[in-house]
Each structure stands twice: as C-alpha cells, then as structure tokens.
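Trainee: Be aware that the sequence shown starts at 114, since it is given in the working numbering, and climbs by one per residue.
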Amino acid sequence: MPGTAAAARRGTKRLGEQLVERGCISQDQLSLALKQQERTGGRLGEILVALGFTTEQEITSSLAAQAGVEPVDLSRCDVSGEVLSLLDESFCRERTVLPLSADESIVRLVMADTFDVLTVDEVSQRTGLAVEVLAAPESAVLEALDRAFGLGKRGSLEELIAEAVAASRTSRAEGVQGIAGEQPVVRLVDAILREGVRAGSTDVHIEPEERVVRTRNRIDGVLVASITLPKSLQAAIAARIKLLADLDISETRLPQDGKFTADVDRRRLSVRVSTIPTIHGENVVMRILDKSKVVVGIEDLGFSEGNLKAFSAAIARTSGIILVTGPTGSGKTTTLYAALKAINTMDRKIATLEDPVEYELPVIRQSQVHAQAGFTFAAGLRSLLRQDPDVILVGEMRDAETVETALRAAMTGHLVLSTLHTNSAVGALARLLDMGVEPFLLGSTLVAVMAQRLMRKLCVECRRPDENPDAAECRGLGIEPARAGVLYRPVGCPRCNGTGYKGRRAVTEILTVTQAIAREIAGRTGAERIAELARREGMTSMLDEARRIVLSGETTVGEALRHTWDTDRSALASFGAKGIA
C-alpha cells in the first residue's frame, strides 16, 4: 500500500536531481553542494540547507515524493495519549519519529527520515502493527514531540524559575557573573529562548519593570506577552545573555550590541543581542535569525502574478538600481535575499554591504560596515567597485554620498540593490531628490522601486465570516460590504495561539521606471502625474493590492488598513502637489 515501509524503500531519482527538476535549486548550486559533500561528508539535504540553497520544507517534500509517502502538517494534528503509549519518548526523540494515529492493524508514523527502514522495522516489532510512513521536517517533528509529551509548557518554566530563584539565593559564587553561570539560570535563559523560537518569534524582549521582569515575543510582527519573571532574577538573566554575546557584564549604564549562536531543536540559530539601560534596569532584546526560514524563492513571498512578473524582470537586468522600501520589519531584507538567491550563479559575482550581516549566503561575498573604523556604506561601496562585481547589495541608502556612489555604479554597468525608508514606491523618488540626486540621473539609472509591508494572515482553521464588518474600515479600504461577498474575522485556536492569525504575507506595489516615467522624473513632474502614469502602465497600488487580499479571505479589513493607511496618501502629500522641483 502507498506510504508503507515498502514504499519507504523506493526512490528512483537522487535527491539533488529531484530538487533541480522541482526548481528548488539550480544545477550550479547542486554541483557546489556535491563538492562540499565530497570534502566533509554528511547528507546532501543538510548541506543544501546549510549553504542556504533551499529550505528544510523543500527537502522534506522532495524526499516524501521520492519515497512515495505523503507529507503532513503537524501543526494541524493532535495526538492522543493512547497512540503515544505505543512508543516511549526516548525512542521517539532518538529516531525523530512521532506516532500520529493507529487502528487495529496499522500505526501511522511521522518520520523526518523516510528512508530509515531500520526504524520502520523496529516500530513494527515494538507495536506489532504494520507501519504507514508519513513525512515532516525534523524541526516540525521535534516541536510536535514537545507538544505531545508536555514539554515546554508553563509548568516546566515555572519549575525552572523556582530553581533559578533558589540558586540565586543560595549560590556561593561571587558577583552577578558567578550567579549567571549557575545551571538553573543557564537553563532558564535557554528555556526563554527556546520558547520564543518554538512560538515563531523574530524577537524576544526582556523588559524590567518596577516589581517584575516581563518577557514578550514578537510573532507575525506583533508583540505577544510571554512569561513573567521575578525581579530578583533580572541581573542574573541579563548577565547570562551578555556572557553569551561576549558583552561587558560590568557595564550597565551604556547600550551594548553583540551576538551568539544557539542550537534549538537541532537548528543552528544566530541571535543578535541589544541592551539598553532603562529606569528599572537593562532592557534586553534578542533577535532570532533562522537561516533556513529566510532563504525563500521570490515566488514564495506572496506577490501577485503581476508584481512577481515585474520584480523578476527588474532583477534580471544587468545594470541599474532596484530599491525596496518600507518601514523597519516590513521584510525588505528577506525580499532582497530572495532576489539574490534567484540571480546567484557561478558565472556572476555578487557582493553585499550590510549593517549587520544577518544571514550568511553561499558564494556571495558579504561585508559588514564599521562606521567607527571608517568603513561606511559609501567607503565600502567605492572599494567594492574595485573588486569587479556584477551585482552589489547595499544594506541601506542612508546618505547622499552612498546614493551618489550607487548611481555611478549603476551607470558603469553594475546592478545595485538597496533599501530606503519611505511609505510608498513614488515616495522614494522624493526622498532621493531631497538627498540631492539630479532628476535626469535618477530617471536614467532607476530600474524599479518596490514598496512593501507584511500583513498577518488569518488562521484558516478558526477564521469565521464577519457578519457585521466595520463600515468605516471598509470605506477606508474602498470596500462596499454589501457587494464584497464574504469577509472574515479572527477567532483564535490552539494552532494560532489564540490570536486568530497564523503567518504573514507581503503586500506590495512596484513602480517600474519605463521610458515615459523616466522622462517625467527628468522633467521634474509632480508625484500625482507620475503615479497616474504608472497606474496606466499597469502598476497596482498597495491599497488596491491589500483590498484584493482582503476580498480573497486571507486577512481582515482592519489588518489591511493597519499596514496601508499611509501608503497612497502620505506619499503624494510628501512629494507633492508642489512637484519635484
């Protein structure tokens, strides 16, 4: 039968060949990974993920297809205690398997390695049942095991907190550094980070108040309250994190920045640490950077068909400037990395200047600016141009000197990608002109500007039709409820941690600088006329795109307004009825 141990033994094509056929990686990337495998050994899938060429999910899907088994989304599955009793916890963790369900003759077993036939045979012997194999990523299986066996719950954290408090009172170690090294404190900090990672956080905030220390996790762009810690642990926890990040423990009056690596659920994560003094003590923020999650294809970013086509055409150019705009946390870095992944080949040299380097990308030459040492974006860009690059990513257009150097690089045959903090695509023109760029130069070098936001998506498990949508909100988005069809509202369930939302998607607008628009820019035309011309040539505004997403049932009217209320309006206001001049 499909999905049994017999199916798990088949496989007609090698993993690398399947990934190339599915468009997950290129042939050049496969060749590079195979050479790395020859040098270091190990599994090809793990090497491809480590190099940043693909993701764990894509590997799992390919292996499942190769083995003839079905992939399963464990976030939507509940496991009964009766099924769990078929296998002990230590065996499940050692083999990275989870019994999902069973009947009188078959146990359905979720496996990270669907070709591990020895484990399949052993499960069959232990349970006395035939085994039907299902596939899931290793990290998903480990998270499901934690949920199933009750680990990572509030009770376990409370026990760790009690142990840490007791250790801080009875410790014979001298000073806060000694207490920070006590095992209960070490385990508690590990648990705080682990809970944040498993909740899908991008940032973990540790915030001291007058009597307690609160922790909050930023999930899908919104801060969510987590555990509350005793005030007595404040100094020890901050010191432990500063020790990990190689910061000065004795300095509590000045901000500090550092980083460290951590292994959570067999994933190697990079954690950036920022501390700043407040009236109640040091505030600590840990930014979690998971390489396996950022390396996505541009087709996975949630672009509409038209915007995907426009962005793909822009990054296929060999020269010019492409800008991605939006506020902090709008996914600009993710989009630029996805673009680099799409154009990264062995016959093209790509270099980056970043502050800081958030993710290490294979083959690409990455540099981190150091302003105090004089290695600024502008200075680094001038040096990079002597390194014979084809494509340059500049982390941010911060000053006129950087912009001028980037423009000259684009004029001399380089493709330059960068970011800018503006609310809309048209607003980027005003910002650049305010920085002293000549209109004719901007019109001749700018290829495209994409503005974007990240909107939360409704949880498909618990969303419900909104029978009484807010009329004012609907008017703000240009929706008539009577003609809109079904609009949805969030409810909340275990899958989405009670928020009603699960995951985010990009909402974008792309201004492609055609010859007609370039002439308008060079002629110092006002923003309204440029925006109108761009729409006539096919640009969809971010507000229109958000409306489409709401009507498709992916998000709510309120969420769409929260991210797009200022895009069309403030862009035109700042860039003006007064025009470019």
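All residues carry an ideal CB built from backbone N, CA and C; glycine is no exception.
1. Please determine, among R602, G556, N536, L200, the residue with the shortest C-alpha to C-alpha distance to S665.
2. Pick from E217, E202, I219: whose alpha carbon is nearest that of L211?
3. Note down, in chain order, each residue of its chain lying with its Cβ closer than 8 Å to the Cβ of L646, except the 5 sequence neighbours on either side.
4. Which residues in the same chain have their Cβ closer than 6 Å to the Cβ of G526, if we skip the five residues on either side of it in sequence?
5. Measuring alpha carbon to alpha carbon, tell me which of L132, V182, E183 ends up nearest L161.
6. Quick one, which of E517, T391, S417 has its alpha-carbon nearest L546's?
7. My output table needs one value for G611: the three-state DSSP class, helix, strand or coil.
8. Cβ atoms of L402 and Y450: under 8 Å apart, would you say?
9. What did DSSP end up calling K462 once you bin it into helix, strand or coil?
10. Can you tell which of T621, E551, L555, T489 has its C-alpha closest to the C-alpha of F424?
11. Got a sec? Which residues, its chain only, sit under 8 Å from V482 by beta carbon, not counting five neighbours each side?
12. Let me check understanding here. Comparing Cα to Cα, which of R596, V337, D186 lies closest to A584?
13. Evaluate contact between the region 336 to 349 and the region 634 to 654, counting only Cβ atoms and requiring at least three cross-stretch pairs below 8 Å.
14. Please tell me whether R521 and L533 are closer than 8 Å, where the distance is taken between their beta carbons.
15. Taking Cβ to Cβ, would you say T227 is nearer than 8 Å to R208?
16. Excluding the 5 residues preceding and the 5 following A177 in the sequence, name in chain order all residues of the same chain whose CB lies nearer than 7 Å to its CB.
17. Find out if the Cβ-Cβ distance for the pair E169, P250 is shorter than 8 Å.
18. First and last residue of the alpha helix (DSSP H) that includes L520?
19. Short check: CB of K454 to CB of G419, under 8 Å?
20. Consult DSSP for T669 and reduce its assignment to one of helix, strand or coil.
21. I need the straight-line Cα distance from Y614 to R307, nearest angstrom please.
22. Can you tell me which of A257, M568, G194, A215 puts its alpha carbon nearest to the alpha carbon of P440?
23. In this structure, how does DSSP classify K266 when only helix, strand and coil are distinguished?
24. Only counting runs of 4 or more residues, tell me where the alpha helix (DSSP H) segments fall wholly within the region 275 to 321, in order along the chain.
25. Considering only residues of the region 321 to 400, which uninterrupted alpha helix (DSSP H) runs meet the minimum length of 4 residues and lie entirely inside it, listed in chain order?
26. Compute the minimum distance between the beta carbon of P469 and the heavy atoms of the ligand NAP, and state whether it is under 7 Å.
27. Closer than 7 Å by C-beta to L199: which residues in its own chain qualify, once you throw out the five before and the five after it? Chain order, please.
28. Contact criterion: CB-CB distance below 8 Å. Does M655 meet it with respect to chain C?
29. Measuring only the C-alpha atoms, how far is P703 from T365?
30. Going by other Cβ atoms of all chains shown within 10 Å of its Cβ, with 16 needed for buried, is L357 buried or exposed?
31. Compare the Cα-Cα distances from S383 to each of V377, F373, T391 and report the closest residue.
32. Assuming C205 and L258 make a contact with CB atoms under 8 Å, what is their CB distance in whole Å?
33. How far does the alpha helix (DSSP H) with P594 in it extend, from its first residue to its last?
34. Quick check on this structure: which residue in L157, S175, K148 has the alpha carbon closest to the alpha carbon of G136?
35. Pair every Cβ in the region 343 to 355 with every Cβ in the region 291 to 303, then say whether three or more of these pairs are closer than 8 Å.
36. Just grab the DSSP bridge partners of V620 for me.
Mentor: Let's see:
1. R602
2. E202
3. By the criterion of a C-beta distance shorter than 8 Å, L646 is surrounded in its chain by A629, I630, E633, once the five residues flanking it on both sides are discounted.
4. S432
5. L132
6. Among E517, T391, S417, the Cα nearest to that of L546 is on E517.
7. coil
8. Contact flag unset, no.
9. Three-state result, K462: coil.
10. T621
11. For V482, where only same-chain residues beyond five positions count, the Cβ hits under 8 Å are L466, E467, D468, F488, T489, F490, G493, G508.
12. R596
13. No, the region 336 to 349 does not touch the region 634 to 654.
14. no
15. no
16. E183, P184, T227, A248
17. yes
18. 513 to 524
19. no
20. Three-state DSSP puts T669 in coil, outside helix and strand.
21. 21 Å
22. Nearest option by C-alpha distance: M568.
23. Residue placement at K266 is poorly supported in this model, since its pLDDT is 47, which falls under 50; the coordinates are not used for a value here.
24. 288 to 293, 296 to 311
25. Those alpha helix (DSSP H) runs which fall completely within the region 321 to 400 and span 4+ residues are 347 to 357.
26. No copy of the ligand NAP appears in this structure; indeed no ligand is present at all.
27. Correct list, in chain order: P212, A215, V220, T240.
28. No chain C appears in this structure, which consists of one protein chain only.
29. This structure does not reach residue 703, given that the chain is present from 114 up to 694, and the question cannot be answered.
30. buried
31. In terms of CA proximity to S383, F373 leads the group V377, F373, T391.
32. About 6 Å separates the two Cβ atoms, so the contact holds.
33. 594 to 597
34. Of L157, S175, K148, the residue nearest in Cα terms is S175.
35. yes
36. R566
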